[in-house]
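Residue numbering for the sequence shown is 1 to 505, as defined by my numbering.
Glycine is no exception: its CB is placed at the ideal position from the N, C-alpha and C atoms.
Predicted, not measured: the structure shown is a model, and the values here were computed from it.
A quick write-up on the structure given underneath.
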Amino acid sequence: MPQQDELLAQRRANMAELAKLGVDLYPRAFARTDTIDALVTSHGGKTGAELEAADIRATTSGRIVAIRSFGKANFLVLTSGAARIQIYVRQDSVAALDFQVFRLLDLGDYVGVEGRLFRTKTNELTIRASRLTFLAKCLLPLPEKWHGLQDIEIRYRQRYLDLIVNPDSRRVFETRARILAAIRRFLEARGYLEVETPMMQPIAGGALARPFVTHHNALDMDLYLRIAPELYLKRLVVGGMERVYEINRNFRNEGISTQHNPEFTMLEFYQAYSDYQELMTMTEEMLREVARAVVGREEFPFGEHTISVAQPFRRMSLRQAVREEAGRRLGVEVSDAELRRRETAGALAGRLGIEVDRRAGPGRTTMEIFEALWEELLVQPTFVYDFPTEVSPLSKQRKDDPETVERFELYVGGFEVANAFSELNDPDEQRRRFEQQLQERKRGDLEAHQMDHDYVTALEYGMPPTAGEGVGIDRLVMLLTDSHSIRDVILFPLLRRQAVAADEE
């Protein structure tokens, strides 16, 4: 790429010339009095006459995104990443060295500027420079001449480039921060305490998932990156913390897709003296409040749909949903009893063309049928409740049906956003469930829950009736920013390793 090589060489040459002039190529600081954002916000609505009368002096800094020269009139455009401002540089208005520096600037360089605000004949808010300070050289040409970075792979691998040239990408992550702030306000207003629990755990617990394994040398013991903070948060409820939450990083050794990243962010919260029905209502309130805080209303676009969190969310029981949709597709009536026996549940999956693990019990099979039939259909907010006990080892059973637990999942936009249940607080039943999960592990289910004796001991000290919920933050951000890949809402998503040339290894 000869042209690219010439550009690189020219930038290096410009930096060398700056060094010859005695310019500090990497100064340690710049004493600015104003940010570009603040200048645009405070003075962007003022007329030229108002700016002239006010005689507003400013000292600011930013990255150069445009350079234009018209004889004696020279212009730079600086950006903070969020806002832009024009700089007017005249040879007779700045020191001789400063003008020499201007001649050696490239797109992407950082500069500081001091001067007075005014409006040009084209009504552009501008700083008339009286001093120009070099701050950093951009040695590599920026992509697409600021028209945007289109290569998705580069956007994810080099997020810094994406943020430089794609303002929409920056806005996604600003929105993410506002979502987290709104969630914290909502929970803290209801008496919740934010806590932190271990990210390295001796037992991978709190979810059915494969963990990442690491080793602690000093203690000579294997540890697991947490798949969920659940069992530690419930220990805190045992300890008397009645309302706790954690916005946490979880790690699951699973595949990568538009909805899955091995490292992801979850909100988990637990409320004593509550059940899953109460959390459904609370979840509706939280999503409404977050939507209002972030997008300013209770409706927002997601792809070709407009999602509304204004009304009470739709509610449907899992087995009933499977019976209705399977029956509709097959043109026959499907009974509840069919879903509760391994053979008949497996046969139903086969008739529907859904591949399931032959070792799976009827509960897991029913769950897989539901996900295959319904998940993409649930665009508007929908609570799916009352799950098979088999797939819910930490949930409390219904009094009238031991094969069913008080659990719900919230679906929005065609995917799961939240998972909640009335917590199992019977230590004997919890031990039995763990033992059952151990049998599943022996049969080859690597996602089955491990035995956690200390958690059972904690329950033996007594945990009040409690409900808990996990909300996928990344997926919630996807919804509220109309993003359709989880990689678009994670700053540095995990990617396959790039091939490296032999001479670089």
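Nearest residue (CA-CA) to residue i, options the options
| i | options | result |
| --- | --- | --- |
| Arg288 | Ile179, Ile486, Ser485 | Ile179 |
| Glu390 | Asp474, Ile354, Gln430 | Gln430 |
| Phe70 | Arg57, Gln437, Arg90 | Arg90 |
| Ala82 | Thr41, Thr481, Glu403 | Thr41 |
| Ile56 | Leu39, Gln100, Met15 | Leu39 |
| Ile247 | Gln4, Gly470, Gln3 | Gly470 |
| Arg235 | Gly468, Gln3, Val111 | Gly468 |
| Ile369 | Pro388, Ile152, Arg432, Ile85 | Pro388 |
| Pro301 | Met282, Glu17, Thr481 | Thr481 |
| Thr59 | Phe75, Val477, Ala31 | Ala31 |
| Ile256 | Asp5, Val23, Ser485, Leu21 | Ser485 |
| Ala49 | Pro381, Pro427, Thr120 | Thr120 |
| Ala331 | Thr344, Arg319, Leu318, Leu348 | According to the sequence displayed, residue 331 carries Gly and not Ala. The candidate whose alpha carbon is nearest that of Gly331 is Leu348. |
Contacting residues, own chain, Cβ-Cβ under 6 Å from residue i (five flanking each side not counted)
| i | result |
| --- | --- |
| Glu284 | Phe313 |
| Leu8 | none |
| Arg323 | Val334 |
| Arg243 | Gly191, Tyr192, Gln271 |
| Met367 | Val391 |
| Asp5 | none |
Range covered by the beta strand (DSSP E) that runs through residue i
| i | result |
| --- | --- |
| Asp386 | 382 to 388 |
| Gln214 | Looking at the sequence itself, residue 214 is Thr, so the reference to Gln does not match. Where Thr214 is concerned, the enclosing beta strand (DSSP E) stretches over 213 to 216. |
| Ser130 | 125 to 136 |
| Asp222 | 221 to 225 |
| Pro362 | Premise fails: Pro362 lies in the alpha helix (DSSP H), 362 to 374, not in any beta strand (DSSP E). |
| Ile64 | 57 to 70 |
| Phe118 | 110 to 119 |
| Arg475 | No beta strand (DSSP E) holds Arg475; the alpha helix (DSSP H) holding it covers 473 to 480. |
| Glu299 | 299 to 302 |
One or two residues paired with residue i in a DSSP bridge
| i | result |
| --- | --- |
| Thr265 | Arg249 |
| Ser395 | Glu423 |
| Ala467 | Gln271, Ser422 |
| Pro402 | The partner list for Pro402 (beta bridge, DSSP) is empty, contrary to what the question assumes. |
| Arg243 | Gln271 |
| Leu76 | Ile67, Ile87 |
| Ser317 | Tyr385 |
| Tyr411 | Thr382, Glu416 |
| Ile307 | Phe300 |
| Leu193 | Val244 |
Assumed close pair residue i, residue j - CB separation to whole angstroms, cut-off 8 Å
| i | j | result |
| --- | --- | --- |
| Leu491 | Arg159 | 6 Å |
| Ala209 | Val294 | That belief does not hold up - the Cβ atoms of Ala209 and Val294 are roughly 29 Å apart, past 8 Å. |
| Gln437 | His449 | 4 Å |
| Asp98 | Leu132 | 4 Å |
| Arg315 | Arg443 | Rounded, the Cβ-Cβ distance is 34 Å, inconsistent with contact. |
| Ala326 | Leu373 | 7 Å |
| Pro262 | Arg249 | About 11 Å separates the two Cβ atoms, so there is no contact after all. |
| Pro27 | Leu135 | 6 Å |
| Leu225 | Tyr245 | Not confirmed; about 20 Å, so no contact. |
| Gly206 | Leu187 | Contact flag wrong, Cβ pair sits at about 19 Å. |
| Ser395 | Phe434 | The Cβ separation is near 13 Å, so there is no contact. |
| Gln86 | Thr33 | Contact flag wrong, Cβ pair sits at about 18 Å. |
Alpha helix (DSSP H) segment containing residue i, residue limits
| i | result |
| --- | --- |
| Met199 | No alpha helix (DSSP H) contains Met199, which DSSP labels as neither H nor E. |
| His43 | 36 to 43 |
| Phe186 | 167 to 188 |
| Phe313 | Looking at the DSSP string, Phe313 is not in any alpha helix (DSSP H), and its letter there is neither H nor E. |
| Phe102 | 96 to 103 |
| Ile154 | 152 to 157 |
| Gln277 | 276 to 295 |
| Asp454 | 453 to 460 |
| Tyr232 | 230 to 238 |
| Arg351 | 342 to 351 |
7 Å CB neighbourhood of residue i in its chain, flanking five on each side removed
| i | result |
| --- | --- |
| Trp146 | Caution is warranted here: a pLDDT of 42 is assigned to Trp146, below 50, making its placement in the model unreliable, and the coordinate value is therefore given only provisionally. Within the same chain, Trp146 has close Cβ partners Val65, Val165. |
| Arg329 | Leu352 |
| Leu495 | Tyr156, Arg157 |
| Glu505 | With a pLDDT of only 49 at Glu505, under 50, the local geometry of the prediction cannot be trusted, and the value read off the model is given with reservation. There are no such residues. |
| Ser80 | Thr35, Ile36, Asp37, Gly62 |
| Leu142 | Leu107, Gly108, Ile164, Val165 |
| Asn14 | Leu104, Asp106 |
| Ala501 | Legend: pLDDT at Ala501 = 48, less than 50; position of this residue unreliable, no value from coordinates given. |
| Arg128 | Tyr88, Ser93, Gly115, Arg116, Phe118 |
| Gly361 | Arg342, Glu390 |
Other residues of its chain near residue i: CB distance less than 8 Å, five sequence neighbours each side excluded
| i | result |
| --- | --- |
| Ser130 | Ser93, Val94, Glu114, Gly115, Arg116 |
| Tyr273 | Glu242, Pro464, Pro465, Thr466 |
| Leu223 | Met200, Gln201, Pro202, Val213, Thr214, His215, His216 |
| Glu375 | Tyr411, Gly414, Phe415, Glu416 |
| Val477 | Val172, Thr175, Arg176, Ile179, Ser483, Val489 |
| Tyr276 | Tyr385, Glu406, Arg407, Phe408, Ala420, Phe421, Ser422, Ala467 |
Within-7 Å CB hit, residue i to chain D
| i | result |
| --- | --- |
| Glu460 | Here there is only one protein chain, and chain D is not present. |
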